[in-house]
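Line by line, the protein sequences are chains V and H. Okay, so the first sequence: first residue is 1 according to the numbering used here, each after it adds one. Okay, so the second sequence: first residue is 547 according to the numbering used here, each after it adds one. Okay, structure first, notes after.
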Amino acid sequence: MATMTKKKLVQWDPADVKAELLSKYPPKVARKRAKQIMINEALENETPEITANVRTTPGIITMRGCTYAGCKGVIMGPTRDFVNIVHGPIGCSFYAWLTRRNQTDPGSDGENYMPYCFSTDMQDSDIIFGGEKKLTQAIQEAYDQFHPKSISIFATCPVGLIGDDIHTVAKNMKEKFGDCNVFAFSCEGYKGVSQSAGHHIANNQIFRHVVGENNEEKPGKYKINLLGEYNIGGDGFEINRIFKKCGITNIATFSGNSTYDQFASCHTADLNVVMCHRSINYVADMLETKYGIPWIKINFIGSEATAKSLRKIAEYFGDKEFIDRVEAVITEEMPAVEAAREEILPRTEGKTAMLFVGGSRAHHYQELFKEMGMKIISAGYEFAHRDDYEGRQVLPHLKLDADSRNIEELKVTADETLYNPRKSPEEMKAMQEAGVKFKHYEGMAPDMDQGTLVIDDLNQYEAEKLVELLKPDLFCAGIKEKYSIQKLGVPMKQLHSYDSGGPYAGFKGAINFYHEIDRLVNSKVWSYMKAPWQENPQLSAAYVWE
Amino acid sequence: MLLRHTPKEITERKALVINPAKTCQPIGAMYAALGIHGCLPHSHGAQGCCAYHRSALTRHYKEPISASTSSFTEGASVFGGHSNLLQAINNIFTVYEPEVIAIHTTCLSETIGDDLKQIRTKAQKEGKIPAGKYVFGASTPSYVGSHVTGFSNMVKAMTEFAESTGKKNGKVNIIPGWVEPADMEEIKRMAKLTGVKSILFPDTSGVLNTPLTGEYKMFPDGGTTVAELKSTGDSVGTLALGEWCSADAAIELDKKNKVPCKVLDMPFGLKATDRFVDALRKIAGVTVSDELALERGQLVDMISDMHEYFYHKKVALVGDPDQLIAMTEFLVSIDICPVHIITGTPGKKFEKRIREITRDMPFEVNVKAKGDMFLLHQWIKNDPVDLLMGNTYCKYIARDEDVPLVRWGFPILDRQGHQYFPTVGYKGGLRLLEKILAALLDRKDRDDPEIKFELIL
Ligand code: SF4
Ligand code: SF4
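Now the structure itself:
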């Protein structure tokens, strides 16, 4: 199978593109994929339905990873003072070792286990006779060697099958140590259909075992938690820089550059702001139910989006002084952003891009591309659910399939002593009337143009076809997709780990991103595909000097 | 400090591996399978393993790595992955149209006990394997051995193709082991220079070092063809490079097709390359070409020219057994002293071989199979070295301990060149020396006080 993007871009009808994408599949696969490819009509709140969060078809080369990757890699990966032990054969732990570009600042306590990789390295005898003994011993050794605040255990595929009771092992060790919180995640890779299940398992356990452990009042007037920000390329650092300037105290980031104590005291914040809706919206819900902290959706990708998000936070606290300070910060930050934007705009305007990534970035990054005058012609998520595409209003209509039923939903009620609604019902009502939207997310589709293609769980074959047919100027996805796209002569930007560089969040991040995309779409390298003799192969005669 | 929690004091660990010096079988199987022309590696398990292996190989090669997965969910994990695999085979041949599917198992499918051969027979019966196309596979449970074992198992499985027609083909099979595409290319060149007709398998050159032309070939031009694999049964003999990576396949060919074999070390450095060339020469009954003799002489020349900078330098090494054995021998042969040597891959023989090679060295040697990089780091803290050689993960140790690092092995995630410039053979030896010297002398130029700073080294 060889593909060339030599054809000139013809005006494709989206329905034809869809038909073309499906044409080679066996009928059963084609039927299934047809439901995951939606031609966007962008009608306010009337987006047609898309199928998402369903199994990937065996044999189809997917972009997705597993539940373990979502749990250990994404959520727990950037927590620096936990010793994260992977219980399983060596590979699962090895591949999740430093490969996600989460930046970390070891802080004043200096605890940082992120450059380390811990595994029980199960052997065949452990598979046959059970691995609990080895796990117990490994936890003991980790404790003796490092004396961390917390040790967490991750189950990989074989562990679930052989029936190791990791939770009991963890509980026993926690009791034994007394000064180290040990708990476990049943995040075997076969559970659920994608990383998304792993996010949920990770967050549930953090909520169950860590949140609420430290009731100490933290100093600060405007206290929030930033949920669903993973500090890839230092995004979280840039956001915290802006928070600090505005006078916002970030109690806990879930989970970029996070610490045990941040999770333990997050219930002392007064507002939750949700960045990645997919990986964490349920934590926001639980924090509201149990502790009375309301949540709003924000987005710090894009300078306008950043300004808007800061204003939302200020509006929530409603303090004039604070609102003014936020405005002053925006006024101070924006000129540099504007100058950078004006510089690159002539070179990026009108260019086209496709985004297939994650559970929120395919939406968030559209903001930045818009600022650069670029058009998104197709986008989709790797592991999102319908609400991430169509908005939270579809939530009551979501059907629970067998795979989703496997993932625990924590039952949470108001905490007897700690529940404290931050705003009275009247205040909430007044704010809502004034336009503040709590627990609200519209999803990606309404923000996309009519006739664009929204595609869930895009695979390698479809990606290649899309590029061949629609010839975008830029394609964004992950590392596995990077080089097959670039072989076609189309630049590809990783939006999971950013390849290199970052931050892209906040104001400084926007400037970085403008320059990065300018570099990519205007790099001279894309003009070197053909050698001069391939472009002009005619010869006049042999050995003639011209 | 990056590895700030690593203490100098060493305490014994029985259960906890910290900073592994190995990874799991399937990634080796996947790499090996990519060395067959028109082959799609398939991971029989949940989809995470495949995603991880593809990502790791992609980061190392900066090339597209196509591989599919059976995408197990809970049901498949309970009832077995038969139907997932049958469905996958059908989808793969319909959508991607490879010549061959090379299936490897994962911890999950192994623990369940899926039988690949049985599933293949079923696929055949159901007509899911088109005429002229092939499905084969290897069992690669990661709770046994390491990525090296997986590579070896997949290469061994390739011998299934070998046919004995009764008529010899006049060729020598060369099994290169887990080396870079550039190394495979170089091994072929050396065989050709010696006048030996060879079949190299697997062969990732032309697969994982492809050009950028605006065209994407899911199945690039390189790789050992199925026809060649079939023909390996008619070869006059097999040279297996590396006991861990290649011996099993060679022995299997011997057993199955009566193709005699010789197991050699991987041709890294002077002496191992000498043995390789000598073996080639004897099998073919030819005189070694002047060209190769010249290359050898150049390598010897560089060793002599720069010997003062090698002499009694202490080195720490981490990597895979076959590579480490050859490298240790090379370093010892130029009077560099490897003092700490670690592989994560199990095998008692490894420690024995290293002890033999380093027997007459003036320094004591720490060596461990089934070791990890945490221990290596502790050894370095206790007995500092002048140079560290290993994969990219070593850079955390190198920075903390301020030791120069030569990147060599798998994975290399932060530098380029390994897929283009060989380190095997005499030419490769020159490149290794160039790298080692650059690391040592850059350090000397950085550290020498001004009055001792010199123009000519
Ligand atoms: S479960 Fe998968 S990634 Fe983990 S060690 Fe086994 S094969 Fe490797
Ligand atoms: S074994 Fe399971 S947990 Fe490990 S990488 Fe594979 S799918 Fe994920």
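For every residue, glycine included, the Cβ atom is placed at its ideal position computed from N, Cα and C. Please read all numbers here as calculations on a predicted model, not as lab measurements.
For H588/H, which beta-bridge partners are listed by DSSP?
In DSSP, H588/H forms a bridge with S614/H and I649/H.
T652/H: beta carbon under 6 Å from a heavy atom of ligand 3?
The ligand content of the structure shown is limited to ligand 1 and ligand 2, which means ligand 3 is not among them.
What is the C-beta distance between C595/H and F697/H, in whole angstroms, given that I count them as a contact (C-beta under 8 Å)?
With 8 Å as the limit, C595/H and F697/H do not qualify as a contact, their Cβ atoms being about 16 Å apart.
Throw me the rounded Cβ distance for the A184/V and I166/V pair, which I believe falls under 8 Å.
The Cβ separation is near 4 Å, so the contact holds.
Is there a Cβ of chain H sitting closer than 7 Å to that of A142/V, yes or no?
Cβ-Cβ to chain H under 7 Å: yes for A142/V.
Of all the residues that make up the segment 29-59 of chain V, which are near chain H by a beta-carbon distance shorter than 7 Å?
Answer in chain order: V29, R55, T56, T57, P58 and G59.
Using beta carbons (cut-off 7 Å, strictly below), is L934/H in contact with chain V?
Chain V contact via Cβ: absent.
Report the partner residues of K493/V according to the DSSP bridge assignment.
Its beta-bridge partners are C476/V.
Run through the segment 231-306 of chain V for me and flag every whole beta strand (DSSP E) of 3 or more residues, listed as ranges in chain order.
Listed in chain order, the complete beta strand (DSSP E) runs (minimum 3 residues) inside the segment 231-306 of chain V are 248-255, 271-274 and 295-297.
Could you list which residues in chain V have their beta carbon closer than 7 Å to that of H583/H, in chain order?
Those within 7 Å of H583/H in chain V number zero; the least Cβ separation is about 14 Å.
Among the candidates G716/H, L870/H, G975/H and C807/H, whose CA atom is the shortest distance from the CA of G843/H?
Out of G716/H, L870/H, G975/H and C807/H, G975/H has the C-alpha closest to the C-alpha of G843/H.
Examine ligand 1 and report whether any of its heavy atoms sits within less than 6 Å of the Cβ of G91/V.
The answer is yes for G91/V.
Out of curiosity, what's the CA-to-CA distance linking P950/H and D868/H?
Their backbone Cα atoms lie some 23 Å apart in a straight line.
Going by beta carbon distance, what residues of the same chain come within less than 6 Å of H628/H, once the five residues before and after it are set aside?
Excluding positions up to five away in sequence, the list reads I665.
Rank C157/V, G391/V, A477/V and L287/V by C-alpha distance to the C-alpha of A353/V and give the top, closest one.
Ranking C157/V, G391/V, A477/V and L287/V by Cα distance to A353/V puts A477/V first.
Would DSSP call R827/H helix, strand or coil?
Helix at R827/H.
Does the distance from the C-beta atom of P587/H to that of A579/H stay below 7 Å?
Yes, these two residues count as a Cβ contact at 7 Å.
Does R827/H get closer than 7 Å to chain V when you measure Cβ to Cβ?
By this cut-off, R827/H is not an interface position.
Identify the contact partners of S119/V in chain H, using a Cβ-Cβ distance below 7 Å as the criterion.
What S119/V touches in chain H: V563 and P566.
With the cut-off set at 7 Å, would you say G691/H and I658/H are in Cβ contact?
Contact flag unset, no.
If we define contact as Cβ-Cβ less than 7 Å, is Y942/H a contact residue for chain V?
Cβ-Cβ to chain V under 7 Å: yes for Y942/H.
Along the chain, where does the alpha helix (DSSP H) containing F765/H start, and where does it finish?
First-last for F765/H: undefined, no H or E at that position.
Please work out which residues of its chain come closer than 8 Å, Cβ to Cβ, to D994/H, disregarding the five sequence neighbours upstream and downstream, and give them in chain order.
Counting only Cβ-Cβ distances below 8 Å, and skipping sequence neighbours, we find E1000.
Please identify the residue among K18/V, R55/V, I39/V and G88/V whose C-alpha is closest to the C-alpha of S404/V.
That would be R55/V, whose Cα lies nearest to the Cα of S404/V.
Identify the contact partners of G65/V in chain H, using a Cβ-Cβ distance below 8 Å as the criterion.
Neighbours of G65/V on chain H, chain order: Q593, G594, A597 and Y598.
Pairs of beta-carbons, one from the segment 181-197 of chain V and one from the segment 144-151 of chain V, closer than 8 Å: are there three or more?
Yes: the two stretches touch, three or more of their Cβ pairs being nearer than 8 Å.
Let me know the beta strand (DSSP E) ranges lying completely inside the segment 809-878 of chain H, each 3 residues or longer, listed in chain order.
Counting only runs of 3 or more, we get 860-865.
Assuming the contact rule is C-beta atoms closer than 8 Å, F438/V and I296/V should be a hit. Round their C-beta distance to whole Å, please.
So it is a contact: roughly 6 Å between Cβ atoms.
Within the same chain, show all residues whose beta-carbon is closer than 7 Å to that of N803/H, passing over the 5 residues directly before and after it, in chain order.
Counting only Cβ-Cβ distances below 7 Å, and skipping sequence neighbours, we find A708, S710 and G779.
To test your reading of the DSSP string, which unbroken beta strand (DSSP E) runs of 3 or more residues are found completely within the segment 145-187 of chain V?
The segment 145-187 of chain V contains these whole beta strand (DSSP E) runs: 150-155 and 181-185.
Tell me G783/H's beta-bridge partners as DSSP assigns them.
According to DSSP, G783/H bridges with V718/H.
Looking at Q246/V: is its Cβ nearer than 7 Å to the Cβ of A592/H?
In the sequence as presented, Gln is not what sits at residue 246/V; that position holds Cys. Contact: no.
Would you call the segment 500-507 of chain V in contact with the segment 528-535 of chain V, where contact means no fewer than 3 C-beta pairs closer than 8 Å?
Too few Cβ pairs lie closer than 8 Å, so no.
Hey, is L488/V's beta-carbon within less than 7 Å of any beta-carbon in chain H?
Chain H, which has a Cβ nearer than 7 Å to the Cβ of L488/V, makes this yes.
In the segment 724-772 of chain H, which residue ranges form an unbroken alpha helix (DSSP H) of at least 4 residues, counting only runs that do not cross its ends?
Qualifying alpha helix (DSSP H) stretches, in chain order: 727-739.
Any heavy atom of ligand 1 closer than 6 Å to the Cβ of S688/H?
It does: the Cβ of S688/H is within 6 Å (strictly closer) of some heavy atom of ligand 1.
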